[in-house]
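In terms of our numbering, the sequence shown opens at residue 615 and continues consecutively.
Every residue, glycine too, gets a C-beta built ideally from N, C-alpha and C.
First comes the structure, then the notes that go with it.
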Amino acid sequence: MFKHLLVAIDGSHHSLNAAERAVELARRFDASLTLIHVARRFHIPDSVKAYLRDEHLEGEPLYDIDAATRKVIDDVRKEAEDAGLQSIQTVFKEGRPARTIADYAAAHQVDAVVLGSRGLAEPEAFLLGSVSHKVANLATCTVIIVR
Ligand SMILES: Nc1ncnc2c1ncn2[C@@H]1O[C@H](COP(=O)(O)OP(=O)(O)OP(=O)(O)O)[C@@H](O)[C@H]1O
Ligand SMILES: [Mg+2]
């Protein structure tokens, strides 16, 4: 039923919680698990860009991944490995989070997207964060929102 699960990580404890559920589901369904983080690109000043170009150092885009996100990704990968998952991958993308997550899911035969109900925004003003809300609307596959 679930062969490929996509879990969205923003570095919040909600996303860690969601990822723990995703690991458990992937284990039960023998599914592959992809962790996705939608990041900002590092702002590189033009002078530095020119230097990188001159020195032929241009390569992969540099994403602005914060320490909390790296920690969640490392912890989840470890949990997934300990749970014996055979196929775990991490992808970094740049763009609008909800649209990027939904597009990735559609393009990669994802059976379910797993997200936290909330993310990094502090005040608990809304019941559901805007990314979870938008992914639930945009994705064509099953969406699991973990509370
Ligand atoms: N940039 C992102 N990359 C990957 N997943 C994300 C990203 N932002 C949010 N998510 C996912 O969406 C879930 C809900 O976060 P969301 O951003 O919707 O809530 P919020 O931060 O509390 O509120 P808002 O951002 O709307 O002010 C997170 O737990 C995470 O699973
Ligand atoms: Mg957010």
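- Ranked by Cα distance from Thr704, the options Lys663, Asn751, Leu752, Ala653 are led by Ala653.
- In the three-state reduction of the DSSP assignment, Val727 falls in the strand class.
- A distance criterion of 8 Å places the beta-carbon of Ser731 beyond contact range of ligand 2, judged by its closest non-hydrogen atom.
- Here the region 656 to 669 makes no contact with the region 680 to 690; the two share fewer than three CB pairs at distances below 8 Å.
- Between the region 750 to 759 and the region 642 to 653 there are fewer than three C-beta pairs closer than 8 Å, too few to call the two in contact.
- Judged by DSSP in its simplified three-state form, Lys617 adopts coil rather than helix or strand.
- Considering only Ala640, Val749, Leu649, the residue with the shortest C-alpha distance to Asp689 is Leu649.
- Annotation: His747 to Asp668 spans about 44 Å, alpha carbon to alpha carbon.
- The residue among Val745, Pro737, Glu736, Ala719 with its C-alpha nearest the C-alpha of Gly730 is Val745.
- Look at Leu741: its beta carbon is at least 8 Å from all of the heavy atoms in ligand 2.
- Remark: the shortest separation between the CB of Ala735 and any heavy atom of ligand 2 falls under 8 Å.
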